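Chains as they are written, first to last, in our numbering: chain A, 10 to 315; chain B, 134 to 641.
Just below is one structure, and these are the notes that go with it.
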Amino acid sequence: MLSFLIKRLLGTIPVVLMVMIAVFAFVHLLPGDPARLVAGPEATAQDVAAVRTALGLDRPLPQQFLTYVGNTLQGDFGTSLRTRRPVVDEIGMRLMPTVWLTLFAMVWAVALGLLIGVVSAVRRGRWQDYGGMILAVSGISFPPFWLGLLLINLFSVRLGWLPTGGYGTWQHFLMPSFTLGLGVAAVMARFTRSAFIEIAREDYVRTARAKGVPERRVIWRHSLRNALIPIITMVGLQFGFLLGGSIVIEAVFAWPGVGRLLVDSVSYRDYPVIQALVLMFSIQFILINLLVDVLYVLANPEIRYQ
Amino acid sequence: MTLKSLMISSALSAMLLAPGAVLARDLTVAIQNNLTGLDPTNVNDTLSQTSLRLVYQGLFGFDKDMKLIPLLAESYESNKEATEFTIKLRSGVTFHDGTPFNAEAVKINIDRLRNPDNNLSRRSLVSMVNEVQVVDDLTVKLLLDAPFGAMIASLAHPGAMMISPAALEKHGSEIGRNPVGTGAFTFTRWSADTLEVARNDNYWKEPAKVDNIIIRSVPESGARMAMLQTGEAQFVPNFPPELMKVVEANPNLKVETSPSIVEWYVALNNNKEPFGNKLVRQALNHAVDKDAFCQVVFSGLCTPADSIIPKGLAFHVPVGEYEFDLDRARELMAEAGYEDGFSTEVWANSNTESLRAVQFLQQQLAQINVDVNVVPLEAGVAAQRIWSIESPEDAEVQMYYGGWSSSTGDADWGIRPLLLGENVPPSMFNVAYYADKELDAAINGAIGTADPSERAAFYETAQKLAWEGAPWIFLGVTDLIAAQTSDVTGVHMLADRGFLLEDAAFTE
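Structure (structure tokens):
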């Protein structure tokens, strides 16, 4: 297991290097001159030139790339072209809000998704199943910005129970995490349901029932445990996506997260921030995949890694 | 969690949620975009600049009607050629860190801004200054290398606000995160989406009436509206017109509209046929119904343009009207030899409002057989294809829809960057590539004098010439909308889309 982990971690190095090359090439291929954008709509050619020099964008591209790789390897991600704050600070301010929001959203997603999925599967073809799947389909089809505004209107404007947005106390988390989690919960529910239905046909489930194992134990222990593998895969993937930030949720709930930072940075051609964010997202994905592999072992001891 | 701790925590959360009796002394302003920085000499967006007016002040500034007023200066004199400006400073002013404000501080600030080695993005505001002389503790003299009649207006721009010399020394390039000025508020903190400032009790004027001002970026307009309704925010500048009805229906809220200094137009590239022909340009102006434009694009919150600069700028004169008259337009087209019309394309930013505007123009110009193809450009692409081109021959732009706001409040910055013959991209913004010797003479004449009545005469000539020459399709000047809770007074929008919050107060 340990040697597997080390091998996997070493294997990420070339992936990360490739991501760095790709993202550097990509941002520099985008049309648009960051110096012009940073200097603003009223800047004269002289002002733009000053900004270009100040940002180091007047140097040859290969030189800029080497500086970028060298600095990144030393943990120096540079300074945002737009705000002139260190990129580490820009991302640091927004990373934890995004991580926490993702975690809370996943709690909603897993709790609601598993429950609805299991109930639908067990009561397959009955009203609980139809009800659950109608909920799931609505969850997927609800536009999150619309749901978000509805929730704000109900819980903040009419009832006055929750703040409209922003990052702060636990109350601030309820609406955004629910809105974000609902879509994932819906996918989870459908996934869980089909995994469960498949497993219900397996011999060991029949055997368990034949042995007289109580139905509750058959469902939650024998079936769920075996259905967990595809569910863990799905949770891992969704978790990785959500860590990239959600521009819609962040906009509706004024959430200071990384999604909006990425969008702002792309429209300003804020190269250092784009590069650092994309690098971070890819490392997050790699680590989550690794974690998913480890969880497989915990869920199913039959799985072994060499 | 025990029952007791549960009860305590819910009691605590109830306190946190109680509608703001305790917090009523703090003013929260909800704005759309994030601020980009806190060094006034190095930011370029109106939101950052206007927010910084809370902490910083310039020698001159604007009142709520965008009229130039002295702030840290008391008065000024200049020679007739507009090459020497002697400025008397206000006495007894100190920066937030205790550093006295004096002639030396002014010299340090202007020298820092005009020094090309510092690469500050607002350098062009004072780049014409050749030397700053400290005459005595409260008098400075600016010596210019060429006449510049709009010098005082440039000093009123937020980019030329005064930073504490001690703070500059201490923070160096980090000054953009540690602002220290002379304003009514001192800096508290700046996080991902929030700027917080606190009342400056040692302010040289009467101290502010609110304890803190919190400027929060809330991108979604519906959410900003909700914040007003719940009392989480008290002021929302640049309010979306489509939500006005909701505000008007709510007795706790009010909405105010006022004319901006943003004029919208379509620049016609005079180097491209047929826009080199004045008759064609005038015909296009007659073919567009400006009242309908204001209705369609800005829900009526807009006034048809009556000059090349909006009414709110100093030295504006109403010079005329290209009345909507299709017969006249067709006549002019025929006279120019284009009775069968022509095909062209218009470039515009790819946002909903701009696209609505150019689609309206497309439909209007079709009436005189001008076939317009709409090309939306993302901001970065626009920067490249319009503003960063090397020489006028490379310019591909035919028609460009855009707006301009002269942030110095002066006619100079409303006309010179856009219409002086030599000010074509990439150096400035004459995207019409308009070059008219008489107009150039009037613009340069106005720069060459500091005498207001002479400047007024030059700008009147310039406006008449440019209106007649029609380098643009003149469209409209938009209104500003601001929404606020009714318990707040003293919050105003400035005509440049910024805002003034210094006099904010709660009525109850």
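No residue lacks a Cβ here, since even glycine has one placed at the ideal position from N, Cα and C.
Please read all numbers here as calculations on a predicted model, not as lab measurements.
Query raised in the report: Of all the CB atoms in chain A, is at least one closer than 8 Å to the CB of Asn167 (chain B)?
Result: As a working note, residue 167 (chain B) is residue 34 in the second sequence. Closer than 8 Å: yes.
Report task. Please list the partners that Ile161 (chain A) has in chain B, where partner means a Cβ-to-Cβ separation under 8 Å. Result -> Counted from its first residue, the first sequence places residue 161 (chain A) at position 152. Near Ile161 (chain A) (Cβ distances below 8 Å), the residues of chain B are Gly355, Ala356 and Ala359.
Requested in this report: Determine contact between the stretch 376 to 392 of chain B and the stretch 184 to 191 of chain A, defined as no fewer than three beta-carbon pairs at a distance below 8 Å.
Outcome: no
**Report entry** Segment limits, beta strand (DSSP E) that includes Arg322 (chain B)
**Finding:** On the second sequence, residue 322 (chain B) is found 189 positions in, with the first residue counted as 1. Its beta strand (DSSP E) spans residues Phe318 to Trp323.
Query raised in the report: Enumerated in chain order, which unbroken segments of the alpha helix (DSSP H) with a length of 4 residues or greater are wholly contained in the stretch 566 to 597 of chain B?
Result: 570 to 580
Query raised in the report: If you measure from the beta carbon of Val503 (chain B) to each beta carbon in chain A, is any gap under 8 Å?
Result: Counting from one through the second sequence, the residue named residue 503 (chain B) turns up at place 370. Answer no: the Cβ-Cβ gap between Val503 (chain B) and chain A never drops below 8 Å.
Requested in this report: Could you name each continuous beta strand (DSSP E) segment of 3 residues or more that falls completely within the stretch 598 to 623 of chain B, going from the start of the chain to the end?
Outcome: 605 to 618
Query raised in the report: When the distance is taken between beta carbons, is Gln165 (chain B) closer than 8 Å to Ser82 (chain B)?
Result: Residue 82 (chain B) falls outside the range modelled here, since chain B spans only 134 to 641, and no answer is possible.
Query raised in the report: Does DSSP put His229 (chain B) in a helix, in a strand, or in coil?
Result: Taking the first residue of the second sequence as position 1, residue 229 (chain B) is located at position 96. In the structure shown, His229 (chain B) sits in coil (DSSP, three-state: anything other than H, G, I, E or B).
Query raised in the report: Which value, in whole angstroms, describes the spacing of the CA atoms of Gly355 (chain B) and Val261 (chain A)?
Result: For the purposes of this step, residue 355 (chain B) is taken as the residue at position 222 of the second sequence. For the purposes of this step, residue 261 (chain A) is taken as the residue at position 252 of the first sequence. Using only the alpha carbons, I get a separation of about 8 Å.
Query - Ala163 (chain B), DSSP secondary structure in three states - result: Here residue 163 (chain B) refers to the residue found at position 30 of the second sequence. Reduced to three states, the DSSP call for Ala163 (chain B) is strand.
Query raised in the report: Under three-state DSSP, which class holds Leu633 (chain B)?
Result: Looking up residue 633 (chain B) in the second sequence gives position 500. Correct three-state label for Leu633 (chain B): strand.
Requested in this report: Out of A:Ser12, A:Phe182, A:Ala145 and A:Val287, point me to the one whose CA is closest to Ile161 (chain A)'s CA.
Outcome: Start at 1 with the first residue of the first sequence, and residue 161 (chain A) comes out as number 152. Cα-wise, what sits closest to Ile161 (chain A) is A:Phe182.
Requested in this report: Give me the Cα-Cα distance between Asp230 (chain B) and Pro265 (chain A), rounded to the nearest whole angstrom.
Outcome: Taking the second sequence and counting its residues from 1, one reaches residue 230 (chain B) at position 97. Taking the first sequence and counting its residues from 1, one reaches residue 265 (chain A) at position 256. Each residue's alpha carbon lies about 30 Å from the other.
Query raised in the report: With DSSP run on the structure shown, which of helix, strand or coil describes Leu145 (chain B)?
Result: Locating residue 145 (chain B) in the second sequence gives position 12, where the first residue counts as 1. At Leu145 (chain B), the pLDDT of 43 sits below 50, so the modelled position is not reliable and the matter cannot be decided from this model.
Query raised in the report: What is the DSSP secondary structure of Ile501 (chain B), reduced to helix, strand or coil?
Result: Taking the second sequence and counting its residues from 1, one reaches residue 501 (chain B) at position 368. Note: Ile501 (chain B) maps to coil in three-state DSSP.
Query - Euclidean distance between Cα positions of His625 (chain B) and Ser291 (chain A) - result: The residue labelled residue 625 (chain B) in the question sits at position 492 within the second sequence. The residue labelled residue 291 (chain A) in the question sits at position 282 within the first sequence. Computed Cα separation, rounded: 46 Å.
Query - Where Lys411 (chain B) sits in the DSSP three-state scheme - result: Along the second sequence, read from residue 1 onward, the residue named residue 411 (chain B) stands at position 278. Here Lys411 (chain B) sits in helix by DSSP.
Query raised in the report: What did DSSP end up calling Ile348 (chain B) once you bin it into helix, strand or coil?
Result: To locate residue 348 (chain B), count along the second sequence from 1; it is residue 215. It is a strand residue.
**Report entry** chain B contact residues for Met102 (chain A), given Cβ-Cβ distances below 7 Å
**Finding:** Here residue 102 (chain A) is taken as the residue at index 93 of the first sequence, counted from 1. Within chain B, the residues near Met102 (chain A) are Ser324 and Ala325.
Query raised in the report: By Cβ distance below 8 Å, which residues in the same chain neighbour Gly602 (chain B) in space, the five residues on each side in sequence not counted?
Result: The residue you call residue 602 (chain B) lines up with position 469 of the second sequence. Answer for Gly602 (chain B): Lys411, Arg414, Tyr567, Asp569 and Leu572, listed in chain order.
Query raised in the report: Given Leu304 (chain A), which residues of its chain have a CB within under 6 Å of its CB, disregarding the five upstream and five downstream residues?
Result: Start at 1 with the first residue of the first sequence, and residue 304 (chain A) comes out as number 295. Answer for Leu304 (chain A): Ile241, listed in chain order.
Query - Interface partners of Ala48 (chain A) on chain B, CB under 7 Å - result: Counted from its first residue, the first sequence places residue 48 (chain A) at position 39. Correct list: Asn177 and Ser254.
Query raised in the report: Between the stretch 332 to 345 of chain B and the stretch 310 to 320 of chain B, are three or more C-beta pairs nearer than 8 Å?
Result: yes
Query raised in the report: Taking the DSSP output, what are the residues bridged to Ile292 (chain A)?
Result: Here residue 292 (chain A) corresponds to residue number 283 of the first sequence, with the count starting at 1. Looking at the DSSP assignment, Ile292 (chain A) forms no beta bridge with any residue, so it has no partner.
Query raised in the report: So, does the CB of Phe262 (chain A) fall closer than 8 Å to a CB anywhere in chain B?
Result: As a working note, residue 262 (chain A) is residue 253 in the first sequence. It does: the Cβ of Phe262 (chain A) has a partner Cβ on chain B nearer than 8 Å.
Requested in this report: Classify Tyr277 (chain A) as helix, strand or coil using the three-state DSSP reduction.
Outcome: Working through the first sequence from its first residue, we reach residue 277 (chain A) at position 268. Of the three classes helix, strand and coil, the one that applies to Tyr277 (chain A) here is helix, per DSSP.
Query raised in the report: On the three-state DSSP scale, how would you describe Leu156 (chain B)?
Result: One-based indexing of the second sequence puts residue 156 (chain B) at position 23. Caution is warranted here: a pLDDT of 42 is assigned to Leu156 (chain B), below 50, making its placement in the model unreliable, and no coordinate value can be reported.
Query raised in the report: Can you tell me whether Gly150 (chain A) is buried or exposed, with buried defined as 16 or more other CB within 10 angstroms of its CB?
Result: Counting from 1 along the first sequence, the entry for residue 150 (chain A) is found at position 141. Note on residue identity: the sequence assigns Ser, not Gly, to residue 150 (chain A). Answer is exposed; the Cβ neighbour count stays below 16.
**Report entry** Under 8 Å from the C-beta of Ala516 (chain B): neighbouring residues of chain A
**Finding:** Here residue 516 (chain B) corresponds to residue number 383 of the second sequence, with the count starting at 1. Within 8 Å Cβ-Cβ: Gly41, Asp42, Arg45 and Leu46.
Query - Interface positions of the stretch 520 to 553 of chain B facing chain D (Cβ-Cβ less than 7 Å), listed along the chain - result: Going by chain labels, chain D is absent from the structure shown, which instead holds the protein chains A and B.
**Report entry** Close beta carbons around Val268 (chain B), own chain, < 8 Å, minus the five adjacent residues each side
**Finding:** Mapped onto the second sequence, residue 268 (chain B) falls at position 135. Only Thr219, Ala236 and Lys274 meet the Cβ criterion.
Query raised in the report: Around the C-beta of Leu163 (chain A), are 16 or more other C-beta atoms found within 10 angstroms, so that it is buried, or is it exposed?
Result: Taking the first sequence and counting its residues from 1, the one referred to as residue 163 (chain A) is at position 154. Leu163 (chain A) comes out exposed.
Query - Where the beta strand (DSSP E) through Glu365 (chain B) begins and ends - result: In the second sequence, counting from the first residue as 1, residue 365 (chain B) sits at position 232. Run containing Glu365 (chain B): none; DSSP gives neither H nor E here.
Query raised in the report: Just the Cα atoms here: how many angstroms apart are Phe195 (chain B) and Leu205 (chain B)?
Result: The sequence position of residue 195 (chain B) within the second sequence is 62, counting from 1. The sequence position of residue 205 (chain B) within the second sequence is 72, counting from 1. The straight-line gap from Cα to Cα measures roughly 12 Å.
Report task. Using a Cβ-Cβ cut-off of 8 Å, state whether Glu329 (chain B) counts as contacting chain A. Result -> The residue labelled residue 329 (chain B) in the question sits at position 196 within the second sequence. Taking Cβ atoms only, chain A never reaches closer than 8 Å to Glu329 (chain B), which makes this a no.
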